[in-house]
Each structure stands twice: as structure tokens, then as C-alpha cells.
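First up is the structure itself, then whatever we jot down about it.
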Amino acid sequence: MQIFASGEGRKLNAPDEFLPQGSVGKVVGLIDLGKNNGSSHFGWSGVKTVIDFEGDAYVLDFPEHTRLVTDDGLELTQTDAGEVGGWWPDSGDIQRYGLRWIELTY
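Going by the UniProt record's numbering, 86 is the number at position 86 of the sequence shown; the sequence numbering is gapless.
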């Protein structure tokens, strides 16, 4: 199972660089930015989605649009934030979808 997502994003290794608006990337991991917005250089807190977009990792504040696709390309669902059945990052997704847990390195 693969998850594709878009939303407001910042480059993982350069938080001052933003994801181009409307860009969609494959979800590759999750990251915990801490309990308050001052805990990281992103200005966000909590568990966030990390996507790969054109070979770079970006952290999404929250997934505005998601698409679940089987490994053989069958699209199961596409949702927008707030819709029933939408996907929100959860630590259980690490194993469920074969994601990585990403650590902050600064």
C-alpha cells in the first residue's frame, strides 16, 4: 500500500524552503516535531508526514489531500482534509504502510 499526499510543506533538511504549492509526493515516513511549536525549526508540533517530492524529503504540516494506492496501482480512495475516510498520520502507520520513523538531526 502506498500513500500520496500534498499540503503545506517544508524541506526536511532546510525548513526555510517550502514545497511548491499543489505538489504531491509519496509518503515515506513520519516525524515527531515535539510537543510545542518552538520544539523544531518548522514552527509546527506533533507527529507529521514526510513525503518524497522529486528526490527531496518534505515535512507536511498536515495532509490536505491524500490518495491510497495498492502496490499494483489500484487507487482505493482519494480524500481531502476533514473528509470521512481521510488519512491522518499515526505511529501505527509505520508498520502498516512500511514507512520510516525519521529523527530530527539538528
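Glycine included, every Cβ here is placed at the ideal spot set by N, Cα and C.
Would LEU60 pass as a contact of GLY7 if the rule is Cβ separation under 8 angstroms? yes
Kindly indicate which three-state DSSP category SER6 falls into: helix, strand or coil? strand
For GLY38, which three-state DSSP category applies? helix
Relative to the alpha-carbon of PRO63, which residue among ASN36, GLU75, LEU30 and LYS35 has its alpha-carbon at the smallest distance? LEU30
Please look up how many angstroms separate the CB atoms of VAL27 and LEU99, rounded, as I've assumed it's under 8 angstroms. 7 angstroms
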